[in-house]
Amino acid sequence: MILLHLLYTLRSLNDDEEFTDILEERRRNTDLGYALRTFNPQPYKGAPSCSTSDLNKAVLESQYLRYIAKEIALETGSSVEKVRQEARGILEEMSHNLQLGFIRLMAYTFNKVFKRLFRSIYVNMEGLNMLQQAIQESPVILMPNHRSYVDFLIVSFVLFTYDIPIPVIAAGIPLASMKVVGEILRRSGAFFIRRAIGSDKLYWAVLSEYVRTIVRTGCAPLEFYVEGFRSRTLKSVVPKLGMMDMVLEPYFKGEVFDITLVPISISYDRVVEESLLALELLGVPKPKESTTGLFKASRVLQEDYGCMHVNFGRPLSVRQLCEGKINRSEYNLIPRDLPQRPSTEIQDCVNWLAHLIVRTQEEGALISPWSLMACLLLQAPITTLTEEGLQWHGLTEKTLWLRKLVLDFRGRLNWPDSDVMSSTVALHHSIVHHKAGRVYLVQDGNPASQDPLSPEEKVMRTAAAVLMLVSYRNQALHVFVRPGILATAIHITKSTQKDELFSFFCFLRDVFSSEFIFIPGRASQDFDEACSLLQKCGAVYISQQEVTVLETGLEVLSFLQKLLQPFLESYQLIFRYLCENGAHVFTEKQFLPAVRNLATKLILSGDLHTFEVLSSDTQKNVLSALRRLEAVTKLRASQQNEYKVNKAAVRRTGDILCKIICDIPVKIKLLFCVRLENFDLFLPCCL
Amino acid sequence: TFKSNPKKQEIMKWNGWGYSDSKFLYNKKGQAEFTGKRYRLSGMIIPGLREWMESTFSANLQHKTPAAPILNSSAVQPPTLNEAFLKELKSTGIPFSHDAEDRVFRSHGHCLHEIFALREGKIGRVPDLVVWPNCHNDVVKIVELACKHNVCLIPYGGGTSVSSALECPPEETRSIVSLDTSQMNRILWIDEKNLTAHVEAGIVGQDLERLLNESGYCTGHEPDSMEFSSLGGWVATRASGMKKNIYGNIEDLVVHIKMVTPRGVIEKSCQGPRMSTGPDVHHFIMGSEGTLGVVTEVTMKIRPMPEYQKYGSVVFPNFEMGVACLREVARQRCAPASIRLMDNEQFKFGHALKPQVSSIFTSFLDGLKKFYITKFKGFDPNRLCVATLLFEGDREKVLQHEKQVYDIAAKFGGLAAGEDNGQRGYMLTFVIAYLRDLGMDYYVIGESFETSMPWDRVLDICRNVKARIVRECKDKGVQFPPLSTCRVTQTYDAGACVYFYFAFNYRGLSDPVHVYEQVEHAAREEILANGGSLSHHHGVGKLRKEWMRESISSVGMGMLKSVKDYVDPNNIFGNRNLL
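Protein chains in written order, with full-length UniProt numbering: chain A, 1 to 687; chain B, 1 to 579.
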């Protein structure tokens, strides 16, 4: 309830909120003058000013690190001094070196670049004001989503502009290895974390103590991506909990009174690396981050990327959110300097909070007309897009229809006043082009090669274009997911019984919980939300026991069901692959290309209609969903990420999903297939 | 009917703290003044107090909330008397009374809600009868009669409880008899060879010290309430004294206890200084809060009076440094008789309580000191804090000790700030309780509460609890920022004791006491969540009962319950404290 309330207040707050274009003033004044402006932020009241070297010293000399160093020395037989030396090395590699001078340099450069790339950068001032307030009261964690390299320093840029303390930012280590740029980032406040830390105990210790010390002392706001990395699909990623654990621990241990989490939603009209992302998803390796690469990428400067929105969400008090959920006294009996594994209660709370943040980011994001168009384009047969072209008139009309639906679903739209449709399509000329009343999908030519493309290559070429569309569709997905799942449940079960729909809704929610963000433990709220949204837009009538589809609602339901259809198809295909083609034990390296091959074949034979299964993201999501459902297990002993598949279990899940055994009522099938502990909600109403 | 020790009840307030003649008031000029002759501050003008009250609480002379001046006896429920018990009691000749005033006087401690209700003339359930046993044997007789006639007994010592321990359980249907121990106030013997004294448990702290001093001895046990609290009360609540660093807390001071229970009298057979005879039964008695019986006689350690006493004080640039210094002092085990650290708000409060200085020279000197500390040494007046010190012992050792402590303090940026500041700090301990009554005249309510915690959590608990109080006040609709302050009052090898003071201006609130209680409740939750204890020495009473199980575990509760069930199966000692 509190959560709903929070989300609603957030929403109502945003509705009449004004965004300010921060580039506008920059365009009027000199960049240099801006970069050299006096910067005099109001810091956190409890924080003594603390230099980088103070911070590093505090970390190295912490009781915690001493303890771990001793432990490691004992385990490995090396000397404590050696271990501590190693820790020093890790810290050196990791630590930020925030300097105002470099922030100025960064601001100067960004000004130049951003003014080129974007028409406007909109920031909600009210959110900034709340942030300014919050920063003085408790340690603040800035939690933006991550959709593009461009947004890496955008928050710092905005905060510098508005005299708010500059954050230190958790970044992936590849950035650090870029010549010069790595160092500039470090001095702009980035600190660097290795990718696969695995079981490196010392590394974990240094990192966690470093993060905790930043939070504990409140010496600077801490910024990190709770999704863990840049989303290649522009869809929210299931949050990672490692950083979240570290960040929240000082509150759990009472070392700070409260911690403020500020979800930040960054949305783009057009993402700079759109085509790179699609290729990467299709298995073309991503170029290594390098400084020369960065310069090569400078041709992107010639392009128009429309607007960028940075929405600072309402600051959330960890204390308030955790109230009644956890009992912090579990930390009372062990010295707080020593490592202590948190109880499941605390772990669940962290997980819940992380999901809540991502959901709030979604709520705060702005949906562009282009995202809606992408939803619609993807529902057209592929040949229409590539060959015949889609009727422009129909598309614009349907987009307007969809706009109304989004508003009904309380989505936030970024809808420019004039000439929306054609300017949108013009902006995305790299994906579609509009000619003689029809819209076509743009497919990259292949000028380098004289040979005609093989059918497989053609599929990949189309897939690249489709996946770009997919990623823009994904930006709008969060608005539709819950009602969409209900629509799918209605479609598959053909039932009108609320409890039956609810069980199937839960099943789908469970299967897709690596795909979409669902806050754990909120299945019934999600269901209620879906019901009320569908009722609100006139698609269904909800009574005590039943959900009745209304004549007027068929269009909405069919749109929603088709929206999720690619996911269903992709999951079914991969389930089928695992049951029929695959071995019992496989590695991820074998799995991805094999699925891709199978899918390509099926697309060519006309048996598969979605290209999304070609995306490695989808493939990995299916794996993780199956792991959660315990139909696939990761072999612990294995070095190469080997998985073991329980074919029967996969088949059962797949059967429910596609309702293969049509004559057996869903109720009974579910009873057979469903793992009891997962679907205990479901069972009572079936029996 | 018999009047209790007239010297006491007659000279004390019935609806506030302490002696009737001593109180803070605003004189005709609008200046704060402390009346009476009993304290160093008595009869003095305190020029800074009004401004401090006004700026801290936004309290103001125009908005008064005076107390009901006299007790309205008709508001007191007529006593439920157990006639058979009364009849047999009369035959023993032990004095008793069911006069309304006597009963009301013994119906409460000094929790905010208790005093607030009295000031409004609201009287709840009060004892039906008061008895004044004169000695151990009288108590034996009373307890026997109570058992025989199923009468509820509530022992009453000094009445300074701040845990609702003296409150009569409203659900109690039996006749409630308040057993006032004040007549059992003699020192029965002093053993100069073993340095012990055998004392009746009704004796009040200041009398005990005064009488022992006459023979050249002291117990050194000086809780802040020592003017009024009794030896039996100390034992029943596990009291702690300001000078425990030298003399120890009550559990260290007690050698032998005699207690009358419904099962009979419990006492040990000898006075060995330490025994290995199973769990120490004294520890069932200490902290039993009147639920098992009446402590009648106690043998206590005594010490020769100290040759020399010296106060002192140290200013630290901030509270963190101060705590670090106290921790170091504890580590080196060189704590003076008392060492206390006030936070910045309390330092300012202490400053506001400075009496009018008699000469221009003193005020000039004060100004100079302030200049030195804030300007020359660069201390931020809004962050600095003060430790007060009390050294005791023979002169040479005191001076040596003093140097050692000041040397440690210097390592933490501490500057010696003079004897005077120190002495005033300790004097304030006794008058601060009077100040609440002044606040209550002007819409300000407040109270203190305490806890203990390991060293590494001191700063966190101080910060978090103070912040929690401020936030809760805001959430509960308190219109003005509250006073939320703390001090570290005791140091131990493994931790410290911290006192919180919390007060606010309740103008605009319909049920201020309820708001107060909610905030205090939240503050206690915060303490427990951060690893602080339920109580260091105030005890549990009924106020903190709800947290007992989580504090001592279900098994622990079972142990205590089974003792209660054995010792007092019919719940004769039915104050319902603790369990």
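Glycine included, each C-beta is placed from N, C-alpha and C at the ideal position.
This structure is a prediction, so every number in the text was calculated from the model and none was measured.
What's the C-alpha gap between B/Lys474 and B/Pro481?
Looking at the two C-alpha atoms, the distance is approximately 8 Å.
On a CA-only basis, which of A/Asp54, A/Leu131, A/Ala539 is nearest A/Tyr44? Give me that one, please.
Selected option, being the one with the closest Cα: A/Leu131.
Return no unless some Cβ of chain A is closer than 9 Å to the Cβ of B/Ala494.
Cβ-Cβ to chain A under 9 Å: no for B/Ala494.
Just checking: is the beta-carbon of A/Gly254 within a distance shorter than 9 Å of some beta-carbon in chain B?
Closer than 9 Å to some Cβ of chain B, the Cβ of A/Gly254 qualifies, so yes.
At 3 residues or longer, what runs of the beta strand (DSSP E) sit wholly inside the region 436-523 of chain A?
DSSP runs (the beta strand (DSSP E)) wholly in the region 436-523 of chain A: 438-441.
Can you list, in chain order, the residues of its chain whose CB lies under 8 Å from that of B/His537, leaving out five sequence neighbours each side?
Here the set comprises Pro223, Thr237, Arg238, Ala239, Ser240, Asn249, Glu450, Cys497.
Whose Cβ in chain A lies nearer than 8 Å to the Cβ of B/Ala523?
By Cβ distance, chain A contributes nothing, its closest Cβ being about 12 Å from B/Ala523, past 8 Å.
Looking at B/Gly418 and B/Lys348, is the spacing between their C-beta atoms short of 9 Å?
Going by C-beta atoms, B/Lys348 is not nearer than 9 Å to B/Gly418.
Check this for me: beta carbons of A/Asp617 and A/Leu533, under 9 Å apart or not?
Against a cut-off of 9 Å, the Cβ pair of A/Leu533 and A/Asp617 comes out as no contact.
Give me the chain B residues within the contact set of A/Ser329, using Cβ-Cβ distance strictly less than 9 Å, ordered along the chain.
Those are Leu528, Ala529, Asn530, Gly531, Glu550, listed as they occur along chain B.
Under the DSSP definition of a beta bridge, which residues are partnered with A/Gln561?
Looking at the DSSP assignment, A/Gln561 forms no beta bridge with any residue, so it has no partner.
In whole angstroms, what separates the C-alpha of A/Ser62 from that of A/Arg88?
Taking the straight line joining both Cα atoms gives about 12 Å.
Under three-state DSSP, which class holds B/Met342?
Correct three-state label for B/Met342: strand.
When the Cα atoms are used, what is the spatial distance from A/Trp392 to A/His429?
Roughly 15 Å separates the two Cα atoms.
If we count the other Cβ atoms within 10 Å of its Cβ and call it buried at 16 or more, is B/Asp568 buried or exposed?
The residue in question, B/Asp568, is buried, as its Cβ has 16 or more Cβ neighbours within 10 Å.
May I ask you to list, following chain order, the residues of the region 321-347 of chain A that have a beta carbon less than 8 Å from some beta carbon of chain B?
Listed by position along the chain: Asn327, Arg328, Ser329, Tyr331, Asn332, Pro335, Arg336, Asp337.
Within the same chain, show all residues whose beta-carbon is closer than 8 Å to that of B/Gly290, passing over the 5 residues directly before and after it, in chain order.
For B/Gly290, where only same-chain residues beyond five positions count, the Cβ hits under 8 Å are Ile154, Pro155, Ala165, Ala236, Phe573, Asn575, Asn577.
Thinking C-alpha only, which one of B/Arg457, B/Val465, B/Tyr26, B/Gly541 is nearest B/Met44?
The option with the nearest alpha carbon to B/Met44 is B/Tyr26.
What residues are listed by DSSP as bridge partners for B/Gln490?
B/Cys497, per the DSSP bridge assignment.
Can you tell me the Cα-Cα spacing of A/Thr399 and A/Phe527, whole angstroms?
One C-alpha to the other measures close to 26 Å.
Once the 5 residues before and after B/Cys218 are set aside, which same chain residues still bring their CB inside 7 Å of it?
Correct list, in chain order: Glu209, Leu212, Ile302, Arg303, Met305.
Using a cut-off of 8 Å between C-beta atoms, extract the partners of A/Phe257 located in chain B.
Residues of chain B passing the Cβ test: Arg463, Asn464, Ala467, Arg468.
With DSSP as the reference, please indicate the residues paired to residue 709 of chain A in a beta bridge.
Chain A is shown only over 1 to 687; residue 709 of chain A falls outside these bounds and no answer can be derived.
Is there contact between the region 44-62 of chain B and the region 87-100 of chain B, where contact requires at least three CB pairs shorter than 8 Å?
Not touching, per the Cβ criterion.
Please state if the CB of B/Asn194 and the CB of B/Asn82 are separated by a distance shorter than 9 Å.
No, they are not a contact pair.
Given this structure, state the Cα-to-Cα distance separating A/Arg636 from A/Phe516, to the nearest angstrom.
The straight-line gap from Cα to Cα measures roughly 27 Å.
Please state whether DSSP places B/Val478 in a helix, a strand or coil.
Note: B/Val478 maps to coil in three-state DSSP.
In whole angstroms, give me the CA-to-CA distance for B/Gly439 and A/Gly324.
Roughly 35 Å between the two C-alpha positions.
Quick one: Cα of A/Ile664 to Cα of A/Asp655, how far?
With a pLDDT of only 38 at A/Ile664, under the threshold of 50, the placement of this residue in the model should not be trusted, and no figure is reported.
Go to A/Arg547, then tell me how far its beta strand (DSSP E) extends in each direction, as first and last residue.
Note on identity: in this sequence residue 547 of chain A is Val, with Arg being the wrong assignment. Per DSSP, A/Val547 belongs to the beta strand (DSSP E) from 547-549.
So if DSSP puts B/Gln309 in a beta bridge, which residue, or which two residues, is it bridged to?
Paired residue(s): B/Glu392.
To the nearest angstrom, report how far apart A/Ala176 and A/Arg195 are at their CA atoms.
One C-alpha to the other measures close to 12 Å.
Does A/Ser156 have its Cβ less than 9 Å from a Cβ in chain B?
Not closer than 9 Å to any Cβ of chain B, the Cβ of A/Ser156 fails to qualify, so no.
What residues from chain A crowd round B/Arg457, counting only those whose CB sits closer than 8 Å?
Neighbours of B/Arg457 on chain A, chain order: Gly254, Arg336.
Should B/Cys270 go down as buried or exposed, given a rule of 16 or more other Cβ atoms within 10 Å for buried?
Its Cβ having fewer than 16 others within 10 Å, B/Cys270 is exposed.
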